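Under UniProt numbering, the first residue of the sequence shown is numbered 1, with each subsequent residue one higher.
The C-beta atom is built at its ideal place from N, Cα and C for all residues, glycine as well.
Quick caveat: nothing in here was measured; it's all calculated off a predicted structure.
Let me begin by presenting the structure, written as structure tokens, before commenting on it.
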Amino acid sequence: MTNAAQVAEAETAALVGEPLTMEAFDRLSGELSGVRFVKIVVDRPAGIAHFLDSARWRFHVEYVAKLLNLPRAELERTLDAVNASVYNDPNRRFYLAILSRHVRQPGTPSKTLHTPPSNGAAEVFFSLETTEADTMDAEMLRYLYAFVRENVDPSIPVVMKPANHLQEAFLRTIPTDEVPRVLAHELFSQARFVPLNPGMARGRLRMFRTGADYRNMTMPLKWSDIVVMERVPEDIPRVSGIINAAHITPLSHVNVLAHGWKIPNAIALDAFEMIDREKLDGQWVEYRIDPSNANLSLQRIEAPSLAELPAPPRQHVWIDDPETVTGSILSLEELRASDRYLYGTKAANLGELHHLLANGSHRLLGFYQVPRPPRSDLLEYLARQLGVINGDGLANAALAMLRKYVRVPRGIALPFAVQQRFLQSSWRIQQVVGKLKAVLELGADAHIDPLCLELQDLIRRTRMPAEMRHSIDAAIVHHLAGAERFVVRSSSNAEDLAGFSAAGIYESVTRVSGVETILRSIQEVWASLVSPRSVRLRQQAGISLDAVYMGVVIQQEVASKLGGVMVTTNPTSAADFRHVYINASRRGSVSSIVSGDASPLQYLYNTMEGGGRTVSLGDSDADLDDTDKALLGRLALVGRLLQSHFAANYTFADPIDVEWLAGNDELQILQVRPYSH
1 MTNAAQVAEA ETAALVGEPL TMEAFDRLSG ELSGVRFVKI VVDRPAGIAH FLDSARWRFH
61 VEYVAKLLNL PRAELERTLD AVNASVYNDP NRRFYLAILS RHVRQPGTPS KTLHTPPSNG
121 AAEVFFSLET TEADTMDAEM LRYLYAFVRE NVDPSIPVVM KPANHLQEAF LRTIPTDEVP
181 RVLAHELFSQ ARFVPLNPGM ARGRLRMFRT GADYRNMTMP LKWSDIVVME RVPEDIPRVS
241 GIINAAHITP LSHVNVLAHG WKIPNAIALD AFEMIDREKL DGQWVEYRID PSNANLSLQR
301 IEAPSLAELP APPRQHVWID DPETVTGSIL SLEELRASDR YLYGTKAANL GELHHLLANG
361 SHRLLGFYQV PRPPRSDLLE YLARQLGVIN GDGLANAALA MLRKYVRVPR GIALPFAVQQ
421 RFLQSSWRIQ QVVGKLKAVL ELGADAHIDP LCLELQDLIR RTRMPAEMRH SIDAAIVHHL
481 AGAERFVVRS SSNAEDLAGF SAAGIYESVT RVSGVETILR SIQEVWASLV SPRSVRLRQQ
541 AGISLDAVYM GVVIQQEVAS KLGGVMVTTN PTSAADFRHV YINASRRGSV SSIVSGDASP
601 LQYLYNTMEG GGRTVSLGDS DADLDDTDKA LLGRLALVGR LLQSHFAANY TFADPIDVEW
661 LAGNDELQIL QVRPYSH
């Protein structure tokens, strides 16, 4: 029980035992991504609510330690035990929560936001939530809501926001008139502004209200343009800034490209209205994205003169020399990561994953072994998730989990050497390749696109040499007999590079069947290496046409009920080491997610304490059921273990990008590659 002296000392930076008014909220609150919030510590035995001053108390447990007279050094030494006592103990003394302020616009639809009817004006309300690691059951959530509701100005609506999927399930057992609630994805869908990639750009604003306006533009886009669309398409050329007027996923190819280009990108739902109001379309502006700012920033500037206009930015991306003379068509199971010089990173990493599942890895615990002060490591957290007692056999348990759930579709890999032999088999192809190299060296910009299109057409139409056709057919018969449909994927040496992701610029062909269709699809993948867009983007990155080659992966297409993309980081917070970000589609499709054509279901999963939460329903009408959410939680842990195995350095901090499909209890891994963040 707190004594009077402790409370009095704490009161210098908290409101204790008094109802929270809006004035007090403004005085005590901090701000994160434009949302104001106040931390709460409820001392249940004492029946006291402590509303903390965010400027003084960064973390709830620091305040709890103050109430317990626990010295800072002791808090750090016993942090995990203290956290367990306030987040996991069913008989805990302290309940920790956050009260956040939101504004609900009139007419905003909501299935669960139970606040008083709007009178036509914007409505201010508070959401109450715990941390996502909190294991409060239904009765504890009911108590917390009732107690905080009693200690907040009654004129301000308060709704419970479940912090994780477990709490959502608990709240479904409580009537909404007793505990009104709002789900996290509803608040996200109402967010008017979401910063995706920070930065600043000066350029000409180009607004396209429809896809038809974009496709029929009369003045081509320039690198200095800032493009505004409802959803910017993945085939956007190199520009200086991007604004989406509808919600998109941070994992779309557009945002990956924005990051690689180091240009600002954001979601601003009222972008069209703002630009019309300020008459900014076609004007030169300064565009800033700052994660701490809750609004779109566009300031009109003077148009530069021709002499003042800076040259287009050019990168100098390092690319390893590939091996293009030797190399056989092999099954994926025969490859290792070191074979990327022959087959490309995609193919080599799939082979490495096969090897991991068959032979194990001494690297699986790497991420969890790294110190996270004041913790010496995170192994105890992994042990709890795997159900291992005292950490005994943790590496074996991790491998057993991967072997139980993870699969890699059968496949073969065509090396760079096959593409090289095909190109050299046609003098016409060689002639156009020579012309294209010449115009690139001379900077004859007007001739690049026509030559690229001519070269692509030749690659598609030129008949493969008979020996090559036979070798590919024989490899498919040997390794993929029985497969009904196939996916033909790109695996270039000019992607997944530091400073150059090449997201979405090379082709992959799905739902392929029959030898002739497979051969045409291979040539389509080869042709994508010299598309006008890919050639121009590589030229801007300083990557020579002579240096790039295309390997091909041919895999059995597997049926699935879910598909998507996962990155083993929180793309909106690089400092967040707990979470992975998962996008999912009920179509069992990856392409619709990364292309930006559809807005997927989006989730954050905690790979330390466990649990997850829904960030957005995207275009879907309903969330996944509890069984599928648990499957995604397993996928998140798989991703973290694979991050450790594929790490390029011994910090094990670099995230990976995983494309996946899911059946009832199996996770099919289609791609593992580095993720630039």
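C-beta atoms of residue i and residue j nearer than 8 angstroms
i, j, result
"Leu436", "Leu458", "no"
"Gln283", "Leu205", "yes"
"Ala138", "Ile174", "yes"
"residue 684", "Phe193", "In the structure as shown, the chain begins at 1 and stops at 677. Residue 684 is therefore absent and cannot be evaluated."
"Tyr581", "Val590", "no"
"Gly551", "Leu414", "yes"
"Thr569", "Pro674", "no"
"Gly360", "Leu394", "no"
"Ala184", "Thr572", "no"
"Phe422", "Tyr549", "no"
"Ala494", "Arg538", "yes"
"Met608", "Leu519", "no"
"Ile243", "Ala266", "yes"
"Ser676", "Gly366", "no"
"Leu382", "Tyr368", "yes"
"Val477", "Ser521", "no"
"Ser585", "Leu661", "no"
"Val370", "Thr651", "yes"
"Leu332", "Val408", "yes"
"Glu230", "Ala246", "yes"
Segment limits, beta strand (DSSP E) that includes residue i
i, result
"Asp657", "656-662"
"Pro674", "667-674"
"Ala268", "265-268"
"Ile412", "411-414"
Member of the options whose CA lies at the smallest distance from the CA of residue i
i, options, result
"Ile669", "Gly611, Leu604, Ala653, Gln556", "Gln556"
"Trp318", "Leu280, Lys404, Asn216, Phe500", "Phe500"
"Arg634", "Phe125, Tyr381, His253, Val406", "Val406"
"Ala224", "Asn664, Asn295, Ala311, Leu342", "The sequence given here places Ser at residue 224; Ala does not occur at that position. That would be Ala311, whose Cα lies nearest to the Cα of Ser224."
"Gln602", "Ala347, Ala575, Arg101, Ala636", "Ala636"
"Asp80", "Arg375, Ala466, Leu414, Asp621", "Arg375"
"Ile301", "Ser292, Asp134, Ser331, Lys279", "Lys279"
"Glu123", "Val159, Leu96, Phe577, Leu545", "Val159"
"Ala647", "Leu617, His362, Arg372, Ala466", "His362"
"Ile289", "Met229, Val370, Asn197", "Asn197"
"Gly443", "Val535, Tyr287, Ser29", "Val535"
"Asp235", "Met219, Ala245, Ser252", "Ser252"
"Tyr143", "Glu524, Gln420, Arg44", "Arg44"
"Arg428", "Arg460, Glu132, Ile448, Asn69", "Arg460"
"Ala97", "Ala84, Pro71, Ala49, Leu70", "Ala49"
"Ala630", "His165, Ala622, Gln430", "His165"
"Ser328", "Ala46, Val232, Val553", "Val553"
"Val152", "Tyr605, Glu467, Glu352, Met22", "Met22"
Per DSSP, the bridge partner or partners of residue i
i, result
"Gln299", "Glu286"
"Leu562", "Ala662"
"Asn584", "Asn is not the amino acid found at residue 584; the sequence shown has Ala there. Answer by DSSP bridge pairing, in chain order: Gly564, Leu601."
"Glu129", "Ile98"
"Asp43", "Ile48, Phe94"
"Met550", "Ser492"
"His579", "Asn606"
"Leu15", "Phe51"
"Asn244", "Met229, Ile267"
"Phe500", "Leu497"
"residue 701", "Given that the chain is displayed from residue 1 to residue 677, the structure contains no residue 701 and the question cannot be resolved."
"Ser616", "Gln602"
Check: residue i C-beta below 7 angstroms from any heavy atom of the ligand FAD
i, result
"Glu507", "The ligand content of the structure shown is nil, which means the ligand FAD is not present either."
Residue span of the alpha helix (DSSP H) that contains residue i, given as start and end
i, result
"Arg202", "Looking at the DSSP string, Arg202 is not in any alpha helix (DSSP H); the run it does join, the beta strand (DSSP E), is 199-207."
"Asp477", "A small fix is needed here, since residue 477 is Val in this sequence, not Asp. 466-480 is the span of the alpha helix (DSSP H), which, as asked, contains Val477."
"residue 683", "Residue 683 is absent from the structure shown; the chain starts at 1 and stops at 677."
"Ile459", "448-461"
"Val148", "138-150"
"Ser521", "515-528"
"Thr627", "626-646"
"Arg536", "532-540"
Chain C within 8 angstroms of residue i, Cβ atoms only
i, result
"Gln671", "As a matter of chain content, chain C is missing from the structure shown, which is built from one protein chain."
Segments assigned alpha helix (DSSP H), at least 4 residues, entirely inside the segment 45-102: Listed in chain order, they are 60-67, 72-77, 79-87.
Length-filtered (4 minimum) alpha helix (DSSP H) runs lying within the segment 307-378: Counting only runs of 4 or more, we get 340-343, 345-359, 366-369.
Continuous alpha helix (DSSP H) assignments of at least 4 residues falling wholly in the segment 161-238: Within the segment 161-238, the complete alpha helix (DSSP H) runs of at least 4 residues are 165-171, 184-190, 211-215.
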